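In this note's numbering, the protein residues as written are 140 to 194.
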């Protein structure tokens with residue numbers, strides 16, 4: 140899936156990104172209740188995103 144590099148509302152180019160700690164924590168709490176397979180996929184996704192961000 141290709142990400143858009145423009146705002147869906149005003150169509151201006153996106154210049155920065157902001158992480159939402161509250162949303163991340165909420166998702167983590169929900170994932171805790173799911174199967175171990177889903178937990179593992181989530182942790183892999185988080186590791187990939189962190190590695191990508193550090194590059």
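Idealized CB from N, CA, C, for every residue including glycine. The model shown is predicted, which means the values in this text are computed figures rather than measured ones.
When the options are compared against residue i, the one with the closest alpha-carbon
| i | options | result |
| --- | --- | --- |
| residue 164 | 185, 151 and 144 | 185 |
| residue 178 | 189, 155 and 166 | 166 |
Residue i to residue j span [Cα, whole Å]
| i | j | result |
| --- | --- | --- |
| residue 168 | residue 194 | 28 Å |
| residue 147 | residue 153 | 10 Å |
| residue 175 | residue 161 | 23 Å |
Simplified DSSP assignment, three categories, for residue i
| i | result |
| --- | --- |
| residue 154 | coil |
Closer than 6 Å: residue i CB and nearest the ligand NAP heavy atom
| i | result |
| --- | --- |
| residue 162 | The ligand NAP is not among the ligands present in this structure, which contains no ligands whatsoever. |
Whole runs of the alpha helix (DSSP H) within the segment 167-194, excluding any shorter than 4 residues: 175-193
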